[in-house]
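A.B. asks: Mind having a look at this structure? Questions to follow.
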Amino acid sequence: MLAFIIRRLAQSVLVMLFVALIAFVIFRYVGDPIASMVGVETRLEDQEIMRDRLGLNDPAVIQFLRFVGNAMQGEFGISYRLQQPVTELILSRLPATIELAFASAMIALVFGVVLGVFTALKPKSLLSGAVMSASLIGVSLPTFLIGIGLIYIFSVELGWLPSFGRGEVVDLGWWRTGLLTETGLKSLILPAITLSLFQLTLIMRLVRAEMLEVLRTEYIRFARARGLTQRAINFGHALKNTLVPVITITGLQLGSVIAFAIVTETVFQWPGVGSLFITSVQVVDVPVMAAYLMFIALVFVLINLVVDILYFVVDPRLRVDGGSSGK
Amino acid sequence: MTEPLLSVRGLTVEFPTRHGILTAVEDIDLDIMPGEVLGMVGESGAGKSMTGNAIIGLIEPPGRIARGEVLLKGQRIDNLPPDEMRAIRGRRIGMIFQDPLTSLNPLYRISDQLVETIRTHLPLSRDAALKRAIGLLDDVGIPDAARRIDDYPHQFSGGMRQRVVIALALCAEPDLVIADEPTTALDVSVQAQIIEVMKQLCAERGAAILLVTHDMGVIAETADRVAVMYAGRIAEIGPVRDVIKHAMHPYTAGLMGAIPRLGENLDRLSQIPGAMPRLSAIPQGCAFNPRCPRVMDRCRVDRPGLLEPVPGRRVACWLYPEEAQA
Ligand SMILES: Nc1ncnc2c1ncn2[C@@H]1O[C@H](COP(=O)(O)OP(=O)(O)O)[C@@H](O)[C@H]1O
Ligand code: SF4
Ligand SMILES: [Mg+2]
Numbered sequence: 001m002l003a004f005i006i007r008r009l010a011q012s013v014l015v016m017l018f019v020a021l022i023a024f025v026i027f028r029y030v031g032d033p034i035a036s037m038v039g040v041e042t043r044l045e046d047q048e049i050m051r052d053r054l055g056l057n058d059p060a061v062i063q064f065l066r067f068v069g070n071a072m073q074g075e076f077g078i079s080y081r082l083q084q085p086v087t088e089l090i091l092s093r094l095p096a097t098i099e100l101a102f103a104s105a106m107i108a109l110v111f112g113v114v115l116g117v118f119t120a121l122k123p124k125s126l127l128s129g130a131v132m133s134a135s136l137i138g139v140s141l142p143t144f145l146i147g148i149g150l151i152y153i154f155s156v157e158l159g160w161l162p163s164f165g166r167g168e169v170v171d172l173g174w175w176r177t178g179l180l181t182e183t184g185l186k187s188l189i190l191p192a193i194t195l196s197l198f199q200l201t202l203i204m205r206l207v208r209a210e211m212l213e214v215l216r217t218e219y220i221r222f223a224r225a226r227g228l229t230q231r232a233i234n235f236g237h238a239l240k241n242t243l244v245p246v247i248t249i250t251g252l253q254l255g256s257v258i259a260f261a262i263v264t265e266t267v268f269q270w271p272g273v274g275s276l277f278i279t280s281v282q283v284v285d286v287p288v289m290a291a292y293l294m295f296i297a298l299v300f301v302l303i304n305l306v307v308d309i310l311y312f313v314v315d316p317r318l319r320v321d322g323g324s325s326g327k
Numbered sequence: 001m002t003e004p005l006l007s008v009r010g011l012t013v014e015f016p017t018r019h020g021i022l023t024a025v026e027d028i029d030l031d032i033m034p035g036e037v038l039g040m041v042g043e044s045g046a047g048k049s050m051t052g053n054a055i056i057g058l059i060e061p062p063g064r065i066a067r068g069e070v071l072l073k074g075q076r077i078d079n080l081p082p083d084e085m086r087a088i089r090g091r092r093i094g095m096i097f098q099d100p101l102t103s104l105n106p107l108y109r110i111s112d113q114l115v116e117t118i119r120t121h122l123p124l125s126r127d128a129a130l131k132r133a134i135g136l137l138d139d140v141g142i143p144d145a146a147r148r149i150d151d152y153p154h155q156f157s158g159g160m161r162q163r164v165v166i167a168l169a170l171c172a173e174p175d176l177v178i179a180d181e182p183t184t185a186l187d188v189s190v191q192a193q194i195i196e197v198m199k200q201l202c203a204e205r206g207a208a209i210l211l212v213t214h215d216m217g218v219i220a221e222t223a224d225r226v227a228v229m230y231a232g233r234i235a236e237i238g239p240v241r242d243v244i245k246h247a248m249h250p251y252t253a254g255l256m257g258a259i260p261r262l263g264e265n266l267d268r269l270s271q272i273p274g275a276m277p278r279l280s281a282i283p284q285g286c287a288f289n290p291r292c293p294r295v296m297d298r299c300r301v302d303r304p305g306l307l308e309p310v311p312g313r314r315v316a317c318w319l320y321p322e323e324a325q326a
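Listed in order, the protein sequences are those of chains A and B.
First residue of the first sequence: 1, per UniProt numbering; consecutive thereafter.
First residue of the second sequence: 1, per UniProt numbering; consecutive thereafter.
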């Protein structure tokens, strides 16, 4: 178990280093950092002095190591556009994105698993057919269209829910949450649904396929032959085995939820890191772009790690040293 | 004579397919007495598993019991509502499948699978059920049962897993155990032990066994009577010793390898030429007629019923005319 975790940690570090290299290349070679920092009227000699002082004339390897060192301390430089430390900027936007992603993931997981199980257990019912057809639409419609459609129905036509922004937020000192106010919660509904739909259909189809597969196995037949109740078989034996592979995929999806939030945040003008990234790209705010890249990579790597460990905990076959006596 | 524990009467299982209705087993008639071991042999696809599944009510749709009855101690069980049939499975009829490697849920501890099954059928507390589970593992010959019970299936060898499966099938003390090729997937070296354990435990509990296997040796040693199946029907059924010594049906005789063919050395054992027909191509008349060394004209037209030409022995073959019935 420990060896496994150490091995996975080492892999994660390698991945992060690779992403750091890409981020560094963007950071250092897309545009000219000095030109972005200073006005055009600064004399060339002064620019040269700054260049030296910032170490931009050092060998690339040294610069890269410095970049990694700074990154590890959460240091990504100053945003060209907002003249604020990038890390501070991202951290201030993070709660909005995390709350949105978490709400979406919960919606996707709960409805995905419930609908997946339902359509697997009652494949012939009319409702299952309807759900399956709807899910096809769900995966094929682009996120922004769904978002705009929802805005049109629930904001413009019905006027029930706000179409943009985060509503009122409560500052907890280290975290600005929208979950404690009515407008905050109302504002969360449409973007969360929009962001969840794709993952929801994915999880649902996965759960359904897995569940159908599991229901055909010998151990389910043997469970039936032992006279276990339908309930114990479907929601105990079958569901547990279904969820093992689903955990992996779903966990990994959480990463994409955060990454995909870019589109949803833009459609709903949600003040998260995704919309920060989009505006940064528009004005070539390179430090923010590089930091965002590192951030998303870190999210994926961390989620991967947690998922692997979780998988390990759930499936006894992977625990070689688990149990009392392995023979 | 006592009442049979299980009676199967005219059991017919059909599968509707795109190309018409396939009859997987047809007109199965058999009785199993309390505590009796009935062997069942036949080539792969003869309908042995289908018969067992029909008895325990586990035919996979779209398959269905089209005709016939299954009676357990005189009570019909083939038409029970699903929940009543479920209560019979495991409680009054236990089942052992072929492959112990896939019969156990890999994510559940042995203890959980046993306790869950015991408590589904018997009003016991968790502790009492666990105690009973450990006792069962002891009985089926798992060393150090109290310690091994919390292990997962993958921590046991194939033979040990089949012992666990036997414990699971017996944990609510059923009157009948259907064992569908319980040793086919196992290493030859442990097959005899598994059969022995199963037979002994059932004997101690007075449980009857329907033992499906294609090992005539096992049948000869274990079973009281044997049913020989061919193309979805019973070809012959009778006491094991009689059937082995004096096979009546030409197919049984072929299985025993005892039919001398013309021009062949008499003590050379022969195989039966040809193969069992597919369900969609069962010939008219006797299903065995294209392969039968003693085929007659009538065999190609009329299908022989299962008759009793000698008391205690029944055979479906025109060689034994109805007049010979006892
Ligand atoms: N789902 C199914 N649909 C159609 N035919 C089936 C199905 N399952 C089994 N059969 C057929 O039923 C017959 C009996 O099968 P089975 O009872 O498993 O044979 P055995 O156990 O004697 O080897 C076989 O010919 C098989 O092809
Ligand atoms: S009925 Fe005819 S074909 Fe069939 S086994 Fe008897 S002799 Fe052979
Ligand atoms: Mg079979």
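In this text, a Cβ means the ideal position worked out from N, Cα and C, and glycines have one as well.
From a predicted model like this one, the values you see are computed outputs, not experimental measurements.
Taking Asn-241 of chain A as the query, report the chain B residues whose CB atoms sit under 8 Å from its CB, ordered along the chain.
C.D. replies: In chain order: Asn-105, Pro-106 and Leu-107.
A.B. asks: Spatial neighbours of Pro-304 of chain B within its chain, please: CB distance less than 6 Å, with the 5 preceding and 5 following residues excluded, ordered by chain position.
C.D. replies: Answer for Pro-304 of chain B: Cys-286, Ala-316, Cys-317 and Trp-318, listed in chain order.
A.B. asks: Any beta carbon of chain A sitting closer than 8 Å to that of Ile-110 of chain B?
C.D. replies: Output row for Ile-110 of chain B: interface = no.
A.B. asks: Ile-151 of chain A to Phe-260 of chain A, Cα distance in whole Å?
C.D. replies: Rounded to the nearest angstrom, the two C-alpha atoms are 18 Å apart.
A.B. asks: Since Val-13 of chain B and Leu-30 of chain B are thought to touch, with beta carbons under 8 Å apart, how far apart are those beta carbons, to the nearest angstrom?
C.D. replies: Their Cβ separation, rounded to whole angstroms, is 14 Å, which puts Val-13 of chain B and Leu-30 of chain B out of contact at 8 Å.
A.B. asks: Consult DSSP for Val-70 of chain B and reduce its assignment to one of helix, strand or coil.
C.D. replies: If DSSP states are grouped into helix, strand and coil, Val-70 of chain B belongs with the strands.
A.B. asks: Any C-beta of chain A sitting closer than 8 Å to the C-beta of Ala-227 of chain B?
C.D. replies: Output row for Ala-227 of chain B: interface = no.
A.B. asks: Any idea which residues DSSP pairs Ala-281 of chain B with across the strands?
C.D. replies: Bridge partners of Ala-281 of chain B: none, in fact.
A.B. asks: Relative to ligand 1, is the shortest distance from any of its heavy atoms to the C-beta of Gly-15 of chain B smaller than 7 Å?
C.D. replies: One point to set straight first is that residue 15 of chain B is Phe, not Gly, in the sequence displayed. Yes, since a heavy atom of ligand 1 falls inside the 7 Å radius drawn around the Cβ of Phe-15 of chain B.
A.B. asks: Would you tell me roughly how many angstroms separate the C-alpha atoms of Val-314 of chain A and Leu-130 of chain B, rounded to the nearest one?
C.D. replies: About 23 Å.
A.B. asks: Go to Asp-139 of chain B, then tell me how far its alpha helix (DSSP H) extends in each direction, as first and last residue.
C.D. replies: Run containing Asp-139 of chain B: 126 to 139, per the alpha helix (DSSP H) assignment.
A.B. asks: Quick one: what does DSSP say Tyr-230 of chain B is sitting in, helix, strand or coil?
C.D. replies: Three-state DSSP puts Tyr-230 of chain B in a strand.
A.B. asks: From Asp-175 of chain B to Phe-97 of chain B, what distance separates their C-alpha atoms?
C.D. replies: Taking the straight line joining both Cα atoms gives about 17 Å.
A.B. asks: To test your reading of the DSSP string, which unbroken beta strand (DSSP E) runs of 3 or more residues are found completely within the segment 29 to 115 of chain B?
C.D. replies: Within the segment 29 to 115 of chain B, the complete beta strand (DSSP E) runs of at least 3 residues are 37 to 41, 64 to 72 and 93 to 96.
A.B. asks: Rank B:Asp-27, B:Ile-118, B:Asp-297 and B:Asp-138 by C-alpha distance to the C-alpha of Leu-201 of chain B and give the top, closest one.
C.D. replies: The residue with the shortest Cα to Cα distance from Leu-201 of chain B is B:Asp-138.
A.B. asks: How about the segment 221 to 228 of chain A and the segment 119 to 139 of chain A: do they share at least three Cβ pairs that are nearer than 8 Å?
C.D. replies: Taking 8 Å as the limit for Cβ pairs, the verdict is that the segment 119 to 139 of chain A does not touch the segment 221 to 228 of chain A.
A.B. asks: Here's the rule: buried if 16 or more other CB atoms are within 10 angstroms of the residue's CB, otherwise exposed. What is Asn-241 of chain A?
C.D. replies: Buried.
A.B. asks: Can you pull the chain A residues whose beta carbon is under 8 Å from the beta carbon of Ile-88 of chain B, in chain order?
C.D. replies: Within chain A, the residues near Ile-88 of chain B are Gly-227.
A.B. asks: Does any residue of chain A have a CB that is nearer than 8 Å to the CB of Asp-187 of chain B?
C.D. replies: For Asp-187 of chain B, the answer is no, since every Cβ of chain A falls outside 8 Å of its Cβ.
A.B. asks: Is any beta-carbon of chain A found at less than 8 Å from that of Leu-58 of chain B?
C.D. replies: Yes - at least one Cβ of chain A is within 8 Å of the one on Leu-58 of chain B.
A.B. asks: Which residues are close to ligand 1, meaning CB closer than 6 Å to any heavy atom, in chain order?
C.D. replies: That gives B:Phe-15, B:Leu-22, B:Ala-24, B:Gly-42, B:Ser-44, B:Gly-45, B:Ala-46, B:Gly-47, B:Lys-48, B:Ser-49, B:Met-50, B:Glu-60, B:Gly-63 and B:Leu-279.
A.B. asks: Kindly say whether Glu-84 of chain B, judged by its beta-carbon, lies nearer than 8 Å to any beta-carbon of chain A.
C.D. replies: Closer than 8 Å: no.
A.B. asks: Does Ser-12 of chain A come out as helix, strand or coil in the three-state DSSP assignment?
C.D. replies: If DSSP states are grouped into helix, strand and coil, Ser-12 of chain A belongs with the helices.
A.B. asks: List the residues of chain A whose Cβ lies closer than 8 Å to the Cβ of Thr-23 of chain B, in chain order.
C.D. replies: Under the 8 Å cutoff, chain A gives no residues; its nearest Cβ is about 23 Å from Thr-23 of chain B.
A.B. asks: May I ask you to list, following chain order, the residues of the segment 109 to 133 of chain B that have a beta carbon less than 9 Å from some beta carbon of chain A?
C.D. replies: Those residues of the segment 109 to 133 of chain B that come within reach of chain A (Cβ to Cβ, closer than 9 Å) are Arg-109, Gln-113, Glu-116, Thr-117, Thr-120 and His-121.
A.B. asks: So Ala-232 of chain A contacts chain B; which residues on that side make the cut at Cβ distance below 9 Å?
C.D. replies: What Ala-232 of chain A touches in chain B: Glu-116 and Thr-120.
A.B. asks: Quick check on this structure: which residue in B:Glu-36, B:Met-296 and B:Thr-23 has the alpha carbon closest to the alpha carbon of Ala-227 of chain B?
C.D. replies: For Ala-227 of chain B, the nearest C-alpha among the options comes from B:Glu-36.
A.B. asks: At a cut-off of 7 Å, is His-249 of chain B close to ligand 2 when judged by its beta-carbon and the heavy atoms of the ligand?
C.D. replies: His-249 of chain B Cβ: within cutoff of ligand 2.
A.B. asks: Taking Cβ positions only, does Phe-67 of chain A come closer than 8 Å to chain B?
C.D. replies: Chain B, which has no Cβ nearer than 8 Å to the Cβ of Phe-67 of chain A, makes this no.
A.B. asks: Among A:Arg-28, A:Phe-27 and A:Phe-222, which has the Cα closest to the Cα of Arg-86 of chain B?
C.D. replies: Checking every option, the nearest Cα to that of Arg-86 of chain B belongs to A:Phe-222.
A.B. asks: Let me make sure I understand the geometry here. Which of A:Gln-84, A:Arg-28, A:Ser-92 and A:Val-139 has the alpha-carbon closest to that of Phe-62 of chain A?
C.D. replies: Position check: residue 62 of chain A holds Ile in this sequence, whereas Phe was assumed. Nearest C-alpha to Ile-62 of chain A: A:Arg-28.
A.B. asks: What does Leu-201 of chain B reach in chain A if we use C-beta pairs closer than 8 Å?
C.D. replies: The contacting residues do not exist; Leu-201 of chain B stays about 16 Å from chain A at best.
A.B. asks: May I ask you to check if the CB of Asp-180 of chain B is nearer than 7 Å to at least one heavy atom of ligand 3?
C.D. replies: It does: the Cβ of Asp-180 of chain B is within 7 Å (strictly closer) of some heavy atom of ligand 3.
A.B. asks: Quick one: is Arg-91 of chain B near chain A, going by C-beta distance under 8 Å?
C.D. replies: So yes, Arg-91 of chain B belongs to the interface.
A.B. asks: Any idea if Phe-18 of chain A is buried or exposed, counting beta-carbon neighbours within 10 angstroms, 16 or more meaning buried?
C.D. replies: Its Cβ having fewer than 16 others within 10 Å, Phe-18 of chain A is exposed.
A.B. asks: Leu-168 of chain B versus chain A: which residues are under 7 Å apart at the beta carbon?
C.D. replies: Here the neighbours are Arg-226.
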